[in-house]
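Student: Okay, handing you the structure first.
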Amino acid sequence: MSTVLISGASRGIGFELARQFANDGWSVIATARDPASAAALAALPNTRVLPLEVTDAASIEALLTALDGEPIDVLIANAGIAINLEAKPIEVTREDFLLLQETNAFAPLALAAALKPNILAGELKIATAMSSLMSSISANDWGTQYTYRASKTALNALWRQLAQRWAPEGITCTLLRPGLVATQMTGFNGLPVEVSVRGMKAVVERLSLKDSGRIIGYDGTDVPW
Ligand SMILES: NC(=O)c1ccc[n+]([C@@H]2O[C@H](COP(=O)([O-])OP(=O)(O)OC[C@H]3O[C@@H](n4cnc5c(N)ncnc54)[C@H](OP(=O)(O)O)[C@@H]3O)[C@@H](O)[C@H]2O)c1
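Numbering-wise, the sequence shown is residues 197 to 421 according to our numbering.
What follows is the structure in structure tokens.
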């Protein structure tokens, strides 16, 4: 049985990833900031819920201790935030910008780096993170979402770097694009979360080293850089 670790699984895309992998017989390690209020997650089959605040180094350390070297086949660094998407340039604050960078770019890197020994001990050796079409510079013809776009573009740069560094050790580092999905983040506008996650799960299950460094959508198409 393969093992997947999913961050930010309390709701939205993360929860649905946990549900679909668990129902398919995978062993799921689902992380939530507050496991006590994640009863639906804990009720999934083959699923263990562990606490994780991705911006807190001590929380990542506690996760490592709880895992005690357990192999992880697939990491999905999913936890993320979006705030003040419609802010004009003058309304973009340093606080918002840094919070988004910390949560959406630095935290996935810190989590992957900390879990590298577990990923190396796994059979599949796959590290993914949740990017977005909003990360793309060449596809940006909107002029909105300053902090969110910058954070996901930074995530892409970091993951591409990991892809180069870790490929010689057999780890596939790939970015995923869910599409516009109906979750709390989007005010429940967009694709049904089941559809997006079914697509991304199929992408993850087909990944191999040759996909390292790509940004792959739920529909199997690449996001332009
Ligand atoms: N929905 C879309 O259309 C869309 C499109 C492109 C990319 N994405 C990306 O997909 C990922 C999931 O988004 P979603 O739509 O499912 O959003 P969501 O419904 O708002 O869920 C976000 C999840 O991330 C967790 N989280 C946020 N900050 C965290 C932190 N500091 N530490 C630990 N967990 C944290 C939340 O936990 P709590 O319950 O504790 O808050 C929640 O489980 C994000 O990275 C997002 O940027 C979404």
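Glycine residues also receive a C-beta, built at the ideal position from the N, C-alpha and C atoms.
So what's Pro285 in DSSP terms, helix, strand or just coil?
Tutor: In the sequence shown, the residue the question calls residue 285 occupies position 89. DSSP places Pro285 in helix when its eight states are reduced to three.
Student: Could you give the uninterrupted runs of the alpha helix (DSSP H) lying entirely in the segment 248 to 281, keeping only those of 4 residues or more?
Tutor: With a minimum length of 4 residues, the continuous alpha helix (DSSP H) runs that stay inside the segment 248 to 281 are 253 to 263.
Student: Sort out for me which residues DSSP pairs Ala228 with in a bridge.
Tutor: For the purposes of this step, residue 228 is taken as the residue at position 32 of the sequence shown. Bridge partners of Ala228: Pro247.
Student: Taking only the alpha-carbon atoms, compute the straight-line gap between Gly276 and Asn300 and give it to the nearest angstrom.
Tutor: Reading the sequence shown from its first residue, position 80 is the one you call residue 276. Reading the sequence shown from its first residue, position 104 is the one you call residue 300. Going by the C-alpha atoms only, they are around 5 angstroms apart.
Student: For Ser347 versus Leu294, is the C-beta distance shorter than 7 angstroms?
Tutor: Taking the first residue of the sequence shown as position 1, residue 347 is located at position 151. Taking the first residue of the sequence shown as position 1, residue 294 is located at position 98. No, these two residues do not count as a Cβ contact at 7 angstroms.
Student: Suppose the cutoff is 6 angstroms on Cβ atoms and the five residues either side in sequence are ignored; what does the same chain contact list for Glu298 look like?
Tutor: Working through the sequence shown from its first residue, we reach residue 298 at position 102. The residues are Thr251.
Student: For a test of your reading of the model: does the CB of Gly383 fall under 6 angstroms from any non-hydrogen atom of ligand 1? Yes or no.
Tutor: As a working mapping, residue 383 is identified with position 187 in the sequence shown. Answer for Gly383: no, Cβ out of range of ligand 1.
Student: Contact between the segment 282 to 293 and the segment 228 to 240: three or more CB pairs below 8 angstroms?
Tutor: Not touching, per the Cβ criterion.
Student: Quick one: using the 10 Å Cβ neighbour count with 16 as the cut-off for buried, is Thr343 buried or exposed?
Tutor: As a first step, residue 343 must be located in the sequence shown, where it is residue number 147. Buried: at least 16 other Cβ atoms inside 10 Å.
Student: Can you pull the DSSP bridge partners for Ala325?
Tutor: Counting from one through the sequence shown, the residue named residue 325 turns up at place 129. Per DSSP, Ala273 and Leu371.
Student: Tell me whether Asp264 is buried or exposed, calling it buried when 16 or more other Cβ atoms sit within 10 Å of its Cβ.
Tutor: For the purposes of this step, residue 264 is identified with residue 68 of the sequence shown, where counting begins at 1. Counting Cβ neighbours within 10 Å, Asp264 comes out exposed, since fewer than 16 surround it.
Student: Helix, strand or coil for Ser347, going by three-state DSSP, please let me know.
Tutor: As a first step, residue 347 is located in the sequence shown; it is residue number 151 there, counting from the start. Of the three classes helix, strand and coil, the one that applies to Ser347 here is helix, per DSSP.
Student: Checking 7 angstroms against the spacing of the C-beta atoms, do Thr370 and Arg402 come in under that value?
Tutor: Taking the first residue of the sequence shown as position 1, residue 370 is located at position 174. Taking the first residue of the sequence shown as position 1, residue 402 is located at position 206. Against a cut-off of 7 angstroms, the Cβ pair of Arg402 and Thr370 comes out as no contact.
Student: With DSSP as the reference, label Val200 as helix, strand or coil.
Tutor: Against the sequence shown, residue 200 aligns to sequence position 4. The answer is strand: DSSP assigns Val200 an E or B state.
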